Structure formats: structure tokens, C-alpha cells
Amino acid sequence: MMTSFKFYNYKTLDSTNNKARDLAKKGEHDVVVIAGRQTKGRGRFEREWFSEPGGLYMTVALKIQDADKIKYLTFIASLAVSKTIRNLTKLNALVKWPNDVLIGDKKICGILTETILGRTNYALIGIGANINQKTFPGSIYHKTTSLLIETNKKYDIKKISSLIIKEFGKLYNHYNKKNYKKITDEWKKYSHTLGKKIMVKTTNKNYIGNAIGVDEDCSLLLKLNNGRIKRIIEGDIFTV
Ligand code: BTN
Numbered sequence: 005m006m007t008s009f010k011f012y013n014y015k016t017l018d019s020t021n022n023k024a025r026d027l028a029k030k031g032e033h034d035v036v037v038i039a040g041r042q043t044k045g046r047g048r049f050e051r052e053w054f055s056e057p058g059g060l061y062m063t064v065a066l067k068i069q070d071a072d073k074i075k076y077l078t079f080i081a082s083l084a085v086s087k088t089i090r091n092l093t094k095l096n097a098l099v100k101w102p103n104d105v106l107i108g109d110k111k112i113c114g115i116l117t118e119t120i121l122g123r124t125n126y127a128l129i130g131i132g133a134n135i136n137q138k139t140f141p142g143s144i145y146h147k148t149t150s151l152l153i154e155t156n157k158k159y160d161i162k163k164i165s166s167l168i169i170k171e172f173g174k175l176y177n178h179y180n181k182k183n184y185k186k187i188t189d190e191w192k193k194y195s196h197t198l199g200k201k202i203m204v205k206t207t208n209k210n211y212i213g214n215a216i217g218v219d220e221d222c223s224l225l226l227k228l229n230n231g232r233i234k235r236i237i238e239g240d241i242f243t244v
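If you read the sequence shown in the working numbering, its first letter stands for residue 5, the second for the next number, and so on.
Right, here's the structure in full:
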């Protein structure tokens with residue numbers, strides 16, 4: 005059965021992930037929280053997420069059984085965004101491990117997946133997609149893009165959000181059926197990462213190697229120069 009989602013729309017929030025967390029703590033799930041702007045949008049590793057009007061700021065709250073499989077939800081979200089962009093435009097939107105969508109080598113979307121673990125577990129999948137922004141702050145200017153910048157057109161953010169959720173729902177259906185291979189296969193098909201020589205920065209070490217695959221935990225498999233395969237669970241990657 006396809007999940008149906010309930011939408012909550014706000015003009016301004018500190019962070020849609022925070023609002024989704026409050027709702028999940030009250031027992032709500034299968035909800036989508038959307039804000040026109042965020043005053044404290046955050047990215048991975050507590051980085052700030054530029055959240056001016058014109059972007060899509062959205063969090064999906066789900067009840068989950070298996071906290072081990074959480075990374076699939078991040079994959080699903082980035083795939084849903086890249087598919088929506090492909091369907092709406094001629095852009096070649098690709099997914100970057102672990103949580104981004106790129107156009108060319110520029111970031112158009114980032115995903116921040118958080119959890120609430122307890123007697124009931126929840127996943128909060130925060131999606132930040134650049135839609136109608138004309139420009140970005142200096143620190144991210146060269147590595148960031150938006151649909152407006154790429155296509156010279158303005159988009160209806162509400163419509164895009166519902167298209168993304170539609171694609172998300174289809175993939176989430178595979179997840180619910182534990183058909184994880186379908187998700188990794190799709191991810192591989194649209195991957196910007198695989199087959200490239202990359203550098204991975206983890207909290208305490210950097211690695212250089214060839215990105216050769218992802219395993220059943222969605223970890224990245226890196227073939228090092230000495231031939232060893234290094235499994236990367238978390239980190240930032242750069243092409244070299
Ligand atoms: C990243 O690339 O580091 C992840 C960015 C995630 C940003 C989104 S915007 C909606 C949701 N609310 C937040 O505060 N963050 C996520």
C-alpha cells in the first residue's frame with residue numbers, strides 16, 4: 005500500500021526538522037513539514053543551511069522499524085529529488101554519496117536525516133533543495149546552483165514538493181517491502197560518485213581511492229591504491 009502523507013505548511017520556521025521532531029514526539033508520522041524560509045536551517049555536521057525564501061525546505065517524518073536501514077531513506081530522498089528534477093527539466097541531476105543531488109558539479113540539494121529512537125523510532129528526513137534562488141552567499145557561491153540558475157525559469161515550490169513526495173512514496177514502498185536492492189540499484193544508476201577517483205574526509209582521517217560501490221548498509225566502498233577496499237560509513241567526498 006502506498007503511504008499517504010499529510011502536509012503542514014509554514015511561512016517561517018527555525019528548522020523543518022525541529023518542527024517534524026515535535027510532531028513525531030506527539031506520535032505523528034507520515035507527515036511532511038514545509039517552510040517558506042528557515043531561521044536556523046542546518047546541514048550535516050551542524051553546518052548552517054542557507055534558507056532564504058525561494059528554496060524548498062521540507063522534512064518528512066516517518067515511523068521506522070529498523071534503525072539500521074535509515075541510510076536508505078537518505079538515498080530515497082536524494083533519488084526522489086533527482087528524479088523530479090529530471091522529469092521537470094532536461095537537467096542531468098545525479099546523486100552524490102551520501103546525501104546530495106548535483107547538477108554538473110554543483111550542489112542543488114542536501115539531505116539531513118535525523119532519528120528519534122525509543123519505544124517507537126522515527127526518521128526525520130530533511131530535504132533542502134535550491135529552486136528559485138538567484139544567487140548564493142560567497143562561501144558557497146561557486147559550488148551551489150538552483151533550478152532558476154540552471155534553466156532561467158521560476159518554479160512553483162508547492163508543486164515541486166508534491167512531485168518529490170510522490171517519487172519518495174514510490175521508493176518508500178520498496179523500502180517497506182524490504183526491497184532494498186531496488187533502491188541501491190536506482191541509486192547506482194544515477195550516481196555521480198561511482199567510478200570516480202575521490203578523496204574522502206572523515207572526522208579523523210582522509211582517504212583517496214576509487215569509488216567502486218555501495219554495500220547493503222549504503223556505506224561507500226573505496227578501492228585504495230594498495231588494492232584494499234575501505235568501507236566508508238560517514239564523511240564528505242571530493243573528486244580528485
Ligand atoms: C546538507 O547538505 O548538509 C544537508 C542539508 C539539509 C537541509 C534541510 S532544509 C530542510 C531541513 N531542515 C533543516 O534544518 N535542514 C534540512
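Using N, Cα and C, we set each Cβ at its ideal position, and we do this for glycine too.
Small disclaimer: the values here were computed from a predicted structure and weren't measured.
Taking the straight line between their C-alpha atoms, what separation do you get for residue i and residue j?
i, j, result
"K170", "G199", "30 angstroms"
"A39", "L17", "6 angstroms"
"P102", "E50", "16 angstroms"
"N13", "I237", "34 angstroms"
"N183", "F172", "14 angstroms"
"K73", "L225", "17 angstroms"
"K1", "V99", "Within the shown structure, residues of the chain are numbered from 5 to 244, placing residue 1 beyond reach of any answer."
"K201", "R123", "42 angstroms"
"E190", "S86", "11 angstroms"
"S223", "V37", "28 angstroms"
"Y177", "T207", "The sequence shown places Asn at residue 177, not Tyr. Their backbone Cα atoms lie some 34 angstroms apart in a straight line."
"T149", "K29", "34 angstroms"
"H196", "F242", "11 angstroms"
DSSP state of residue i, grouped into three classes?
i, result
"E118", "strand"
"F79", "helix"
"N210", "strand"
"K170", "helix"
"N230", "coil"
"Y194", "coil"
"K245", "This structure does not reach residue 245, given that the chain is present from 5 up to 244, and the question cannot be answered."
Rounded C-beta distance between residue i and residue j? I'm assuming under 8 angstroms.
i, j, result
"I80", "L151", "The pair is not a contact, with the Cβ atoms about 21 angstroms apart (cut-off 8 angstroms)."
"L228", "G213", "4 angstroms"
"H33", "L66", "6 angstroms"
"N47", "L116", "It should be pointed out that residue 47 corresponds to Gly in this sequence rather than to Asn. Between L116 and G47 the Cβ distance is about 6 angstroms, and since that is below 8 angstroms, they are a contact."
For residue i, decide whether its Cβ has a neighbour in chain B, counting only Cβ atoms nearer than 7 angstroms.
i, result
"C113", "Any reference to chain B falls outside this structure, which holds one protein chain only."
Task: beta strand (DSSP E) runs wholly inside the region 15-51, at least 3 long, in chain order - done: 35-42
Open item on the list: So within the region 128-166, which uninterrupted alpha helix (DSSP H) runs reach at least 4 residues, ignoring any that extend past its ends?
Closed with: 151-155
Task: the region 57-66 / the region 95-112 touching (three or more Cβ pairs under 8 angstroms) - done: no
Open item on the list: Contact between the region 91-98 and the region 18-29 is defined here as three or more beta-carbon pairs at a separation below 8 angstroms; is this criterion met?
Closed with: no
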